[in-house]
Every structure is written in C-alpha cells, then in structure tokens.
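Asks: Got a structure for you, questions after.
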C-alpha cells in the first residue's frame, strides 16, 4: 500500500465535520450560560515560567519590541481581562509548546480556556462535567484525590514517602544515574505518567484533585488532613488527561514568589530563566476577582469523541505535514 502523500490532510472528512460540530457545541454551551467569548494574543512579549513547559520564541523586531513568544496558554492575558472587569469569559484558540510531539501531543494544538467569577474548583468541576459529558454522552466523573490515586496505582503516599523510597519506586522506568538530580516533584510526575495515568478513567471519567502544594502553579493552597494541598484538578478519560483547572490564586506577592521559584527550578534543570510578566502581576495587584479557571484540550476531547488514540487522526495538518 502506498503511503499517503504529504500534501494531503492527516484527518478524515468525518473528523473535520465532528470538529466543527464540537466547536458549535462549545459555543452554544457558553452562550446558554452567559459567558463571554474573547480573543487574546497568540504572540506575546512574555511567556510562562512553568519548569515543565518549553515555549517557542518568535523573532519579532518592531519599534519598541524585540523578541516575543508564541503563547502556551491564554491565561495571563485572560486574567488581565478579568481584572479589568470582563466578567466570566472563555476562549478557543491555538497554543504552542516546544518539544511536544507524539500520539497525544502536537506542538500546536487547540485549547478551550474559561474563567468563572465566584466559582471555586468544585463549582468548576461540575461545569466541566456538564460540558464534557454532554458532548461525549458519558457518565459523570468520579472524584479521587491525588494522594489516593498514588497510593492505589503507584503504591506510595506522595506526602510522606522518603526520597530514597521514591527513587527506588522510579527505578522501574529510569536507571539510577538518570534519577540523579531529579526533584521530588519530578519523581512524582514520572510515577503519575507511567504508573497512575494509564489506569485513570478506564471505566468512568475521573477527576483527580488536591495535588501537593508544590504543584500548585497558579492555584490557591490550603491545609487538608494535615497536608498543604493545591485547589487544583485534572480530568482523565481512558488514561488521557483532558483538562487542568484551579481555584485561582489572587495574591500578587505570592504569585511573584512562585514565578521566582519556577525560575530557580528551571536554572537547576539547565533551562533558560524566563522574564516575569509584569503586566500580568500588575493586573493581579489591581485585583483579580475571586474565580476558578480551566484549560481543556479540544484535540484530545475530539480524540475521545472519535475513538482514536492518535492526535494526528483529528488534526488536518500535524507538524510533519504543516
């Protein structure tokens, strides 16, 4: 059998039609709830400090601006809108992450991100369930804590496991020399990817919540059962992570400290430190309203809808054909 010519799309006509239906469904969902659709820049002067994300630089050179970044998420710009009084908002857009290509990843992908004024993470999980289950016609998700998922599938308690025991558990996937210099959260991420995620949502969708405080990113933190946890959640269906949501941090000084901590981790990992987005922090300082927000991968949602395990099947032109 001849291989498909590179000029042709990777996805079928049927997949294109279902994508269009999905976009129409999403817009109708938010229109019924009075949530405003917005647009923010795909190209920005700053990007994220997140240690596990690699941004794609853009060689912009115009008066007053040199350099720039393709955005990994619209979060900072959308929060500036929230601080300016936009009310609850959502956005459908393309985002970009370097070094990500595989059956579940393409460097350019479609994201749905939304923020709801007055919601906490539990309110937002309920709304995510409404949107996803309404589209997929599937059962509503169960809720399991990060700690319980790790105990059940990785055999460790992430809040009390010793560094030595954690490294021993990771040796199933990495050689001892590869573990040298791997942080505690790096080890936990490894176990989540290889031991836990494949088992999540195989029978019914599942929310994972109450992540360790060290993985809070832009989420609030509180003490639960004697441990500091992040007000953060992720949704899994058939082992595939669909979304990542937070009850949003609103303290600018704490957010600045987290950005600085991110850059220290980036430096330790041999990655370039990223400039802190001062416009974003100024907006938070002005006053981010109490809200919860979530980012959902639309390509992955489409993968589940069409029953494929390869993201290329739902992209007209993945990177190798772009």
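Residue numbers (the numbering used here): 8 to 329.
Glycine included, every Cβ here is placed at the ideal spot set by N, Cα and C.
1. Can you find a CB in chain D that lies within less than 8 Å of the CB of residue 327?
2. Our contact map puts residue 33 next to residue 99 with C-beta atoms below 8 Å; I'd like the distance itself, whole angstroms only.
3. Can you list, in chain order, the residues of its chain whose CB lies under 8 Å from that of residue 245, leaving out five sequence neighbours each side?
4. Roughly how many whole angstroms lie between the Cα atoms of residue 109 and residue 317?
5. Which residue or residues does DSSP assign as beta-bridge partners of residue 216?
6. Tell me, which residues are paired with residue 118 by DSSP?
7. Could you tell me the alpha carbon to alpha carbon distance between residue 130 and residue 192, rounded to whole angstroms?
8. Hey, how far is the Cα of residue 136 from the Cα of residue 148?
9. Let me know the secondary structure DSSP gives residue 107 once reduced to three states.
10. Taking 6 Å as the limit between beta carbons, can you name the residues of its chain near residue 305, skipping five residues before and five after?
11. Report all residues from its chain with a CB closer than 7 Å to the CB of residue 87; omit the five preceding and five following residues, and keep chain order.
12. Tell me, to the nearest whole angstrom, how far the beta carbon of residue 239 is from that of residue 216; I am working on the premise that it is less than 8 Å.
13. As an exercise, report each continuous alpha helix (DSSP H) stretch of at least 4 residues that is fully enclosed by the stretch 11-60, in chain order.
14. Quick one: residues in its chain with C-beta nearer than 6 Å to the C-beta of residue 248, no 5 flanking neighbours on either side, listed in chain order?
15. Considering only the beta carbon of each residue, do residue 75 and residue 50 sit closer than 8 Å?
16. How big is the Cα-Cα spacing for residue 334 and residue 102?
17. Within 8 Å, do at least three Cβ pairs link the stretch 295-302 to the stretch 121-130?
18. When you compare each of 81, 52 and 61 to residue 68 by their alpha carbons, which one comes out closest?
19. Determine the burial state of residue 164: buried for a count of at least 16 other Cβ atoms within 10 Å of its Cβ, exposed for fewer.
20. Out of 104, 45, 322 and 176, point me to the one whose CA is closest to residue 58's CA.
21. Taking the alpha helix (DSSP H) that residue 140 belongs to, which residues open and close that run?
22. State the DSSP-derived secondary structure class of residue 171, mapped to helix, strand or coil.
23. Rounded C-beta distance between residue 25 and residue 309? I'm assuming under 8 Å.
24. What residues are listed by DSSP as bridge partners for residue 248?
25. How many whole angstroms separate the CB atoms of residue 128 and residue 252, which I take to be in contact at a CB cut-off of 8 Å?
26. Is the separation between the beta-carbon of residue 281 and that of residue 79 shorter than 8 Å?
27. Helix, strand or coil for residue 8 per DSSP?
28. What whole-angstrom Cβ distance do residue 153 and residue 284 have, given they're in contact under 8 Å?
Replies: Let me spell this out:
1. Judged by its chain identifiers, the structure shown contains no chain D, having just a single protein chain.
2. Sure, about 7 Å apart at Cβ, within 8 Å.
3. Exclusion of the five residues before and after residue 245 leaves 208, 209 and 311 as the residues of its chain whose Cβ lies within less than 8 Å of its Cβ.
4. Rounded to the nearest angstrom, the two C-alpha atoms are 8 Å apart.
5. In DSSP, residue 216 forms a bridge with 152 and 240.
6. According to DSSP, residue 118 bridges with 100 and 304.
7. Rounded to whole angstroms, residue 130 and residue 192 show a C-alpha spacing of 27 Å.
8. Rounded to whole angstroms, residue 136 to residue 148 spans 7 Å at the Cα level.
9. In the displayed model, residue 107 falls within coil according to three-state DSSP, outside both helix and strand.
10. In the same chain as residue 305, and ignoring 5 residues on each side of it, the C-beta atoms closer than 6 Å to its own belong to 117 and 119, in chain order.
11. 286, 287 and 290, listed in sequence order.
12. Right, their Cβ atoms sit about 7 Å apart.
13. Inside the stretch 11-60, DSSP marks whole alpha helix (DSSP H) runs of 4 or more residues at positions 20-39, from first to last along the chain.
14. Within the same chain, residue 248 has close Cβ partners 241.
15. Yes.
16. Outside the shown range of the chain, which is 8 to 329, sits residue 334, and nothing can be said about it.
17. Yes, the stretch 121-130 touches the stretch 295-302.
18. Comparing alpha-carbon positions, the option among 81, 52 and 61 lying closest to residue 68 turns out to be 52.
19. The residue is exposed, with fewer than 16 neighbouring Cβ atoms inside 10 Å.
20. Of the candidates 104, 45, 322 and 176, 104 places its Cα closest to the Cα of residue 58.
21. For residue 140, the uninterrupted alpha helix (DSSP H) segment begins and ends at 128-143.
22. Helix, per DSSP.
23. At roughly 7 Å, the Cβ-Cβ gap stays under 8 Å, so residue 25 and residue 309 are in contact.
24. Note: residue 248 is bridge-paired with 243 in the DSSP secondary-structure output.
25. About 6 Å separates the beta carbons of residue 128 and residue 252, which is inside the 8 Å limit, making them a contact pair.
26. No. Outside cutoff.
27. Because residue 8 carries a pLDDT of 44, less than 50, the predicted location of this residue cannot be relied on, and the following value inherits that uncertainty. Here residue 8 sits in coil by DSSP.
28. About 28 Å separates the two Cβ atoms, so there is no contact after all.
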